[in-house]
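What follows is a set of notes on a single structure, which appears directly below.
There are 2 protein chains.
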Amino acid sequence: MTEPLRITSRQNERVKRAVRLRDRRGRKRQRRFLIDGRRELHRAVVAGIAIDEIFLCESLCQPAEMGPIGAMLDATAAEVMHVTEHVFARLAFGARAEGLVGVARTPPRSLADLRLPECPLVAVIEGAEKPGNVGAVLRSADGAGVDAVVLADGRTDLFHPAVVRASLGTLFHIPVCEATSQSTCAWLDRQGLAVLTASPEATRLYTDVDYRPGTAVVLGSEATGLSTAWKRVGPTAIRLPQQGMADSLNVSVAAAVIFYEAFRQRASPLQGEGGLQGIF
Amino acid sequence: MTEPLRITSRQNERVKRAVRLRDRRGRKRQRRFLIDGRRELHRAVVAGIAIDEIFLCESLCQPAEMGPIGAMLDATAAEVMHVTEHVFARLAFGARAEGLVGVARTPPRSLADLRLPECPLVAVIEGAEKPGNVGAVLRSADGAGVDAVVLADGRTDLFHPAVVRASLGTLFHIPVCEATSQSTCAWLDRQGLAVLTASPEATRLYTDVDYRPGTAVVLGSEATGLSTAWKRVGPTAIRLPQQGMADSLNVSVAAAVIFYEAFRQRASPLQGEGGLQGIF
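Residue numbers (the working numbering), protein chains in the order written: chain A, 44 to 323; chain B, 44 to 323.
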């Protein structure tokens, strides 16, 4: 076994190349992205994401953590490089990197790659600007058992480090892809999914629709709402009752409430309330 | 009308006093707290929070915003001080302060001050460490129409600037207070509320309880869960079904899903499913 490479300079080429992955352009050019943090990296490894390099700062890893980290590192073909705290501070993002930053190959993912079960529940996030919100919606979608998430016309990309981090690595667990709103519409149509658009202006409550057939829930950004692209698939607009101040719900919270209502309905198919009659 | 005071030095006593309010100890001593941001400040004014001082950095306020801000300032008895960008950078927290920081008097709020309607829905957050999470739960609670929120044995305080900010000012809209877990238990008991404790280890699903009587939902911190204090009130432990990776839901998301299930049940009293039989 050879000794791991030790890097002490911020001018090291490998370090500089990795730092460029903080920018969307760098991610696109290199077709690679960064994973900050132990848990996130572990989840990527488990999900079969190809990790090229891992930058490890031993003085920032708790000794007790080195055992599990070692086992995780053994499970990847990644080259492990030891870096000083000074170098690590350039590579890492925020406080949660825990002494580990991985460089992974961006998995090529398109609508055609999404394998759906029968009667799937799909989430579409349109025009997302804040990577933290995208990550939080992914986390909610994973918890609620959503079958796939599409980022449509995203103004951030799926593999932004802040998406990875806010998703706590659930990004690697749930089938996801990026697409234009237009191609997403065509795809939803081909899949025969009923399309629900979440909108504060809708008259119908989110509890008053039937989520048991194959369903796509389309969520817009908090600032601008949804584009008109969805009109061609004849969507049903739904809203959450907002009791407090206007705009008081975060998009990941609203998404989770809708996903869990879908889950509730799907778990208890014998009820027959509200708009749900007619199937049994 | 006199000209507003102009402050150009970070060593100004008023500025130094206000900066101390970033710390919990300073807030406790002065019985005052900071409000960053236009929307948050506006919501505080509307809610009748007493604002003592407002530090305004004109170069950071968009001209279009000065109209509404002026009207808002007129509605308070606050002393408005103009500060330079250099001074403002010391006072403000993060990017969302939008050229305005207010100093407000901490409203004295205890369990005895909470006025509840009949059959209230109350949320209790125990042992919260992250102010951002407390703010996010307040935002969810406000959206879902929760009647009051108690911060029990909090390791952060309600008027932490990050709570104010993450709550988007809903903190001022919803009845809130801080208390010990023990006194909260006694209070819940006196109010005759059914106590539901959210716990990943619970066997009962959150959809399988009746939220129509007066109910308190107790949420623990993501890290440590709930203390044993609640046992004396004979709580029912409930859980959300987690489909994805373990620990994938944020506490404010889990809270919102539970609050909205309560709202759904309360809005449609004629259904009779799952564990809800026997009332009608």
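From the three backbone atoms N, C-alpha and C, an ideal C-beta is built for every residue, glycine too.
As the structure is a computational prediction, the values presented were derived from the model and not from experiment.
| Query | Result |
| --- | --- |
| A147 of chain A versus F76 of chain A: straight-line alpha-carbon distance, rounded | 5 Å |
| Cβ-based neighbour list, T149 of chain A, same chain, cut-off 8 Å, excluding 5 preceding and 5 following | R70, R74, R75, F76, F202 |
| Start-end ranges of the beta strand (DSSP E) lying completely within the stretch 210 to 243 of chain A, minimum 3 residues | 219 to 222, 237 to 241 |
| Chain A within 8 Å of Y254 of chain B, Cβ atoms only | no |
| Local Cβ density within 10 Å of P174 of chain B, reported as buried at 16 or more and exposed below that | buried |
| Distance CB(G145 of chain B)-CB(I217 of chain B) smaller than 8 Å | no |
| Cα-Cα separation between A166 of chain B and P151 of chain A, rounded to whole angstroms | 44 Å |
| Cross-strand partners of L164 of chain B (DSSP beta bridge) | B:T258 |
| Cβ of F323 of chain A within 8 Å of any chain B Cβ | Note that F323 of chain A has pLDDT 31, beneath the 50 cutoff, so the model's placement of it is unreliable and the number below is only indicative. F323 of chain A does not count as touching chain B. |
| Among B:T51, B:V252, B:E46, nearest to R133 of chain B - alpha-carbon criterion | B:T51 |
| The alpha helix (DSSP H) enclosing I301 of chain B, as first and last residue numbers | 294 to 310 |
| E101 of chain A versus A:G287, A:R86, A:A93, A:R81, residue with shortest Cα-Cα distance | A:R81 |
| Alpha-carbon to alpha-carbon, E122 of chain B and L48 of chain B | 9 Å |
| Cutoff 8 Å: A305 of chain A Cβ touching any chain B Cβ | no |
| Check whether L99 of chain A and M124 of chain A have beta carbons under 8 Å apart | yes |
| Same chain, Cβ closer than 6 Å to R63 of chain B, five either side skipped, listed in chain order | G69 |
| Assigned secondary structure, M288 of chain B (DSSP; H/G/I helix, E/B strand, else coil) | coil |
| Closer than 8 Å to chain B by CB, H85 of chain A | no |
| Stretch pair the stretch 239 to 250 of chain B + the stretch 206 to 221 of chain B: three plus CB contacts closer than 8 Å | no |
| Beta-carbon separation (whole angstroms), V192 of chain A vs A299 of chain B, contact threshold 8 Å | Wrong, their Cβ atoms sit about 19 Å apart, outside the cutoff. |
| Runs of alpha helix (DSSP H) lying entirely within the stretch 78 to 117 of chain A, each at least 4 residues, in chain order | 81 to 89, 106 to 117 |
| G145 of chain B: first and last residue of the uninterrupted alpha helix (DSSP H) it sits in | First-last for G145 of chain B: 143 to 148, but that is the beta strand (DSSP E), not the alpha helix (DSSP H). |
| Within chain A, the residues that G188 of chain B reaches when beta carbons sit closer than 8 Å | P284, Q286, G287 |
| Alpha carbon of A120 of chain B to alpha carbon of L181 of chain B, nearest angstrom | 27 Å |
| Near-chain C residues of the stretch 86 to 98 of chain A (beta-carbon distance less than 8 Å), N- to C-terminal order | Checking the listed chains, one finds no chain C in this structure; the protein chains it contains are A and B. |
| The stretch 110 to 139 of chain A: positions lying closer than 8 Å to chain B by Cβ | none |
| Status (buried if at least 16 other CB within 10 Å, exposed otherwise) for D66 of chain B | exposed |
| Check whether E221 of chain B and D190 of chain B have beta carbons under 8 Å apart | no |
| Expected contact under 8 Å - CB spacing of A195 of chain B and E169 of chain B to nearest Å | 5 Å |
| Status (buried if at least 16 other CB within 10 Å, exposed otherwise) for A171 of chain A | buried |
| Same chain only: Cβ atoms within 7 Å of A256 of chain B, ignoring 5 sequence neighbours per side | The identity of residue 256 of chain B in the sequence shown is Pro, whereas the question assumes Ala. So the qualifying residues of the chain are C162, A237. |
| Where V296 of chain B meets chain A, residues with beta-carbon distance less than 8 Å | A179, R182, S183, G186, S295, V296, A299 |
| Residue-chain proximity (H203 of chain B, chain A), Cβ-Cβ < 8 Å | no |
| Beta carbon proximity, T246 of chain A to chain B, threshold 8 Å | no |
| Nearest-angstrom Cα separation, counted from D79 of chain B out to G268 of chain A | 26 Å |
| For S264 of chain B: DSSP bridge partner residues | B:G268 |
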